[in-house]
Amino acid sequence: MSSVDKQLENLKAEITNELPRDISVSDVKYEGPELVVYTRDPKKFAKNGDLIRKLASKLRKRITVRPDPDVLSDPREAEPQILEVIPEEAGVTDLDFHVDTGEVVIEAQKPGMVIGRHGSTLREITQEVGWTPEVVRTPPIESSTVSNVRNFLKQEREDRRRILERTGRQIHREQLSNDEWVRITTLGCCREVGRASFILSTPETRILIDCGDKPGSDDVPYLQVPEALGSGANSLDAVVLTHAHLDHSALIPLLFKYGYDGPIYTTEPTRDLMGLLTLDYLDVASKEGRTPPYESEMVREAIKHTIPLEYGDVTDIAPDVKLTFHNAGHILGSSVSHFHIGDGLYNVAFSGDIHYDDTRLFNGAVNDFPRVETLVLESTYGGRNDYQTDQEDSEKRLIEVINETYDRGGKVVIPAFAVGRSQEIMLVLEQAMRDGKIPEMPVHLDGMIWEATAIHTTYPEYLRDELRDRIFHEDENPFLADEFNHIDGGEEERQDVADGDQAIILSTSGMVTGGPIMSWLRHIGPDPKSRLVFVGYQAQGTLGRRIQNGWDEIPVNDRDNSGRSNTLKLKMDVETVDGFSGHADRQGLENFIKTMNPRPEKVLCVHGDERSVQDLSSALYHNYNMRTFAPKNLETFRFK
Numbered sequence: 001m002s003s004v005d006k007q008l009e010n011l012k013a014e015i016t017n018e019l020p021r022d023i024s025v026s027d028v029k030y031e032g033p034e035l036v037v038y039t040r041d042p043k044k045f046a047k048n049g050d051l052i053r054k055l056a057s058k059l060r061k062r063i064t065v066r067p068d069p070d071v072l073s074d075p076r077e078a079e080p081q082i083l084e085v086i087p088e089e090a091g092v093t094d095l096d097f098h099v100d101t102g103e104v105v106i107e108a109q110k111p112g113m114v115i116g117r118h119g120s121t122l123r124e125i126t127q128e129v130g131w132t133p134e135v136v137r138t139p140p141i142e143s144s145t146v147s148n149v150r151n152f153l154k155q156e157r158e159d160r161r162r163i164l165e166r167t168g169r170q171i172h173r174e175q176l177s178n179d180e181w182v183r184i185t186t187l188g189c190c191r192e193v194g195r196a197s198f199i200l201s202t203p204e205t206r207i208l209i210d211c212g213d214k215p216g217s218d219d220v221p222y223l224q225v226p227e228a229l230g231s232g233a234n235s236l237d238a239v240v241l242t243h244a245h246l247d248h249s250a251l252i253p254l255l256f257k258y259g260y261d262g263p264i265y266t267t268e269p270t271r272d273l274m275g276l277l278t279l280d281y282l283d284v285a286s287k288e289g290r291t292p293p294y295e296s297e298m299v300r301e302a303i304k305h306t307i308p309l310e311y312g313d314v315t316d317i318a319p320d321v322k323l324t325f326h327n328a329g330h331i332l333g334s335s336v337s338h339f340h341i342g343d344g345l346y347n348v349a350f351s352g353d354i355h356y357d358d359t360r361l362f363n364g365a366v367n368d369f370p371r372v373e374t375l376v377l378e379s380t381y382g383g384r385n386d387y388q389t390d391q392e393d394s395e396k397r398l399i400e401v402i403n404e405t406y407d408r409g410g411k412v413v414i415p416a417f418a419v420g421r422s423q424e425i426m427l428v429l430e431q432a433m434r435d436g437k438i439p440e441m442p443v444h445l446d447g448m449i450w451e452a453t454a455i456h457t458t459y460p461e462y463l464r465d466e467l468r469d470r471i472f473h474e475d476e477n478p479f480l481a482d483e484f485n486h487i488d489g490g491e492e493e494r495q496d497v498a499d500g501d502q503a504i505i506l507s508t509s510g511m512v513t514g515g516p517i518m519s520w521l522r523h524i525g526p527d528p529k530s531r532l533v534f535v536g537y538q539a540q541g542t543l544g545r546r547i548q549n550g551w552d553e554i555p556v557n558d559r560d561n562s563g564r565s566n567t568l569k570l571k572m573d574v575e576t577v578d579g580f581s582g583h584a585d586r587q588g589l590e591n592f593i594k595t596m597n598p599r600p601e602k603v604l605c606v607h608g609d610e611r612s613v614q615d616l617s618s619a620l621y622h623n624y625n626m627r628t629f630a631p632k633n634l635e636t637f638r639f640k
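Mapping to UniProt numbering: the sequence shown position 101 is 101, numbers consecutive.
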């Protein structure tokens with residue numbers, strides 16, 4: 001018998017011993033980080049609301065209780081009984097029964113009403129029918145991504161359970177080494193922005209954090225070195241994804257092409273956004289005549305292997321590593337990833353990308369951890385003079401630019417990332433029109449912006465408190481305002497907008513590296529009355545950065561008879577309105593460190609150009625008396 005089987009047998013005996021005599025345990029299994037307890041008495045389990053909490057606390061494990069399939073009631077009988085328990089105003093849109101696990105997935109417009117205070121309604125459902133309820137939100141804006149991901153995971157339930165059981169056994173395996181050390185190896189994004197990738201390793205475990213591309217370049221992370229995939233993709237125990245932007249997520253599916261078959265830990269919205277952005281990444285590559293690095297099948301594999309975690313949940317991901325995600329304030333579902341290694345041996349946090357202050361869209365990044373000895377900190381705006389305009393002033397400036405352009409009969413074109421900046425700008429525009437600060441006019445959303453917005457409305461619990469309350473309680477979802485128009489008719493619709501009255505166009509890509517923004521530049525670029533407004537970071541080497549630096553003649557994909565690429569003369573004004581970035585500026589980065597208690601002993605400044613990381617590293621060393629580093633790619637740091 002393996003050590004894991006022996007462990008499960010002991011746990012079953014311990015749980016049985018803790019339970020009242022009239023509650024039986026038929027099986028105990030690991031599924032990913034969770035311990036799943038099967039019982040023939042789910043109704044009795046549900047009557048005692050504290051039972052699971054007490055067991056989880058005693059065993060120090062995340063516990064899920066499921067009914068033994070033998071005792072399940074017929075779904076046709078259970079459905080009306082469940083609907084009887086749930087208040088009608090919860091807006092249940094679907095019930096999906098899974099006999100293999102005894103779970104019923106309830107999709108509702110107001111999931112909180114299905115859950116009830118402290119889970120009271122969920123317990124009542126189980127007491128009534130014996131099934132274990134799981135609740136998901138019906139997207140207020142229909143989202144093909146959310147729908148596709150949910151349907152795919154439903155189809156793959158059996159395979160997914162096998163993956164989870166295998167992962168659970170890996171997590172809870174016996175430790176084989178008595179050595180104690182912690183290492184971080186940098187595989188990308190050091191003294192550069194993009195291709196974020198790190199290996200965190202111990203004698204027992206190897207974890208990959210992020211695996212992204214580099215905007216404006218073909219450079220990829222150094223995955224083939226021995227510390228990473230050099231000894232095979234399955235030498236990795238886990239992959240952790242901080243957020244879905246492509247410079248962190250684009251090459252996650254590539255791992256499955258190389259043979260990786262383990263878990264990806266991330267938040268639920270990041271999982272959905274990763275699916276959206278990586279499939280688009282493949283689509284753009286193919287349209288531009290480049291060979292994509294992997295097939296769409298690999299994106300599906302990545303989604304199937306994802307284990308979503310919520311902020312604040314401490315989760316075992318290896319025999320010697322616990323992971324906790326905290327809000328990073330950057331984009332939907334973005335996380336600061338905190339690793340607790342060994343039995344109190346060492347603590348490392350990876351900031352991912354952070355925004356320290358609250359924005360309209362998100363609460364600011366969390367920096368409150370029990371312990372962090374080493375922090376890996378993004379430094380995108382870490383340079384000495386990288387102070388962004390206050391967002392309130394930025395909003396005023398954007399409103400001025402829109403009004404000036406409107407008065408001269410032009411249109412405002414804003415290249416924006418589909419995820420994060422677009423929704424932030426949407427909220428600014430919606431309120432400005434509601435308050436009469438700018439004239440009411442259509443706001444056209446092109447590219448993936450509408451779909452990304454639909455995903456935001458599916459997960460309002462990840463949004464800023466006030467915004468979440470508006471969506472939850474006041475029934476006034478700002479993303480559903482009449483001004484917003486989804487462009488889905490292609491070139492003809494774009495031409496109609498270009499020929500029409502004043503309007504605002506929000507379009508991907510945010511760094512003008514392809515996508516529908518190129519079409520808008522062709523249609524509106526030659527109009528001197530119109531304006532191109534940058535509201536986000538433009539990486540070196542991107543067309544966005546070149547236009548920002550004064551290029552007024554740009555290459556377009558159309559080719560003339562000689563096969564040469566044509567150029568387009570931009571006559572529209574170009575404006576940059578700082579302050580809307582999803583990244584903390586220099587002050588925000590310093591504040592993040594300054595208000596940490598306790599502060600880390602060491603900080604690795606990464607994800608910024610050479611000047612930014614060196615400036616920030618030097619400032620943190622001098623101002624806060626901590627050891628700081630501005631590592632290069634392919635450096636390894638030993639911390640214990």
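We put the beta carbon where it would ideally sit given N, CA and C, even for glycine.
Sorting Q538, F479 and N327 by C-alpha distance to the C-alpha of E192 places Q538 at the top.
Closest in C-alpha terms to G510, from the list T576, I106 and Q495, comes T576. Around L543, the same chain offers V512, T513 and I554 as residues with beta carbons nearer than 7 angstroms, after the five sequence neighbours per side are excluded. Going by DSSP, A432 is part of the alpha helix (DSSP H) stretching over R421 to R434.
Within the same chain, and ignoring the five residues on either side of G262 in sequence, the residues whose Cβ sits closer than 8 angstroms to its Cβ are T167, Q170, N234, L236, D237, A238, V239 and H305. The Cβ-Cβ distance between F592 and I184 does not fall below 9 angstroms.
Taking a cut-off of 8 angstroms for Cβ pairs, the stretch 408-424 and the stretch 517-528 touch, as three or more such pairs fall below it. Excluding five sequence positions before and after F256, the CB atoms of its chain that fall closer than 7 angstroms to its own CB belong to M298, E301 and A302, given in chain order.
Secondary structure at V136: strand, using DSSP grouped into helix, strand and coil. The DSSP-derived three-state label of S201 is strand.
Residues T186 of the same chain have their beta carbon placed closer than 6 angstroms to that of E635, with the five preceding and five following residues left out of the count. In the pairwise beta carbon analysis, the stretch 398-405 is classified as not touching the stretch 483-499: fewer than three pairs are separated by under 8 angstroms.
Contact fails between the stretch 431-442 and the stretch 109-127, because fewer than three Cβ pairs, one in each stretch, are under 8 angstroms apart. In this structure, the straight-line span from the alpha carbon of I449 to that of E461 is close to 20 angstroms. By the C-beta density criterion, E142 is exposed, having fewer than 16 other C-beta atoms within 10 angstroms.
V92 is classed as buried because its beta carbon has at least 16 other beta carbons within 10 Å across all chains shown.
Linking H583 to S334 through their CA atoms gives a straight-line distance of about 12 angstroms. With contacts defined by Cβ atoms closer than 9 angstroms, F472 and E430 do not form a contacting pair. Shown here for N385: same chain residues with a beta carbon closer than 8 angstroms to its own, the five before and five after excluded, namely R586 in chain order. Distance check between K47 and each of V497, D159, E128 and S217 places E128 closest, using alpha-carbon atoms only. For H340, the enclosing beta strand (DSSP E) begins and ends at S335 to I341.
Straight through space, the alpha carbons of V348 and M426 are spaced by roughly 36 angstroms.
Leaving aside the five residues that flank R494 on each side, the residues in its chain whose CB is nearer than 8 angstroms to its CB run, in chain order, D446, I487, P516, S519, W520 and H523. For V25, no alpha helix (DSSP H) segment is defined, and its DSSP state is neither H nor E. For T374, the uninterrupted beta strand (DSSP E) run begins and ends at T374 to E378, by DSSP.
Per DSSP, T93 is one residue of the beta strand (DSSP E) stretching across V92 to H98. The DSSP-derived three-state label of P415 is strand. The beta carbons of D320 and E204 sit about 5 angstroms from each other, so the pair counts as a contact at 8 angstroms. For I86, no alpha helix (DSSP H) segment is defined, and its DSSP state is neither H nor E. At the C-beta level, E174 and S3 come within 9 angstroms of one another.
Beyond the five residues adjoining it in sequence on each side, D407 comes within less than 8 angstroms, by CB distance, of no other residue in the same chain.
Burial is judged here by how many other beta carbons sit within 10 angstroms of a residue's own beta carbon; P269 has at least 16 and is buried. The closest CA to that of E601, considering only R627, F339, Q614 and Y621, is found on R627. Three or more Cβ pairs closer than 8 angstroms define a contact, and the stretch 153-162 falls short of that threshold against the stretch 462-470. The beta carbon of H248 sits closer than 8 angstroms to those of A196, D210, C211, G212, L241, T242, G352 and D353, all from its chain and outside the five residues before and after it, given in chain order.
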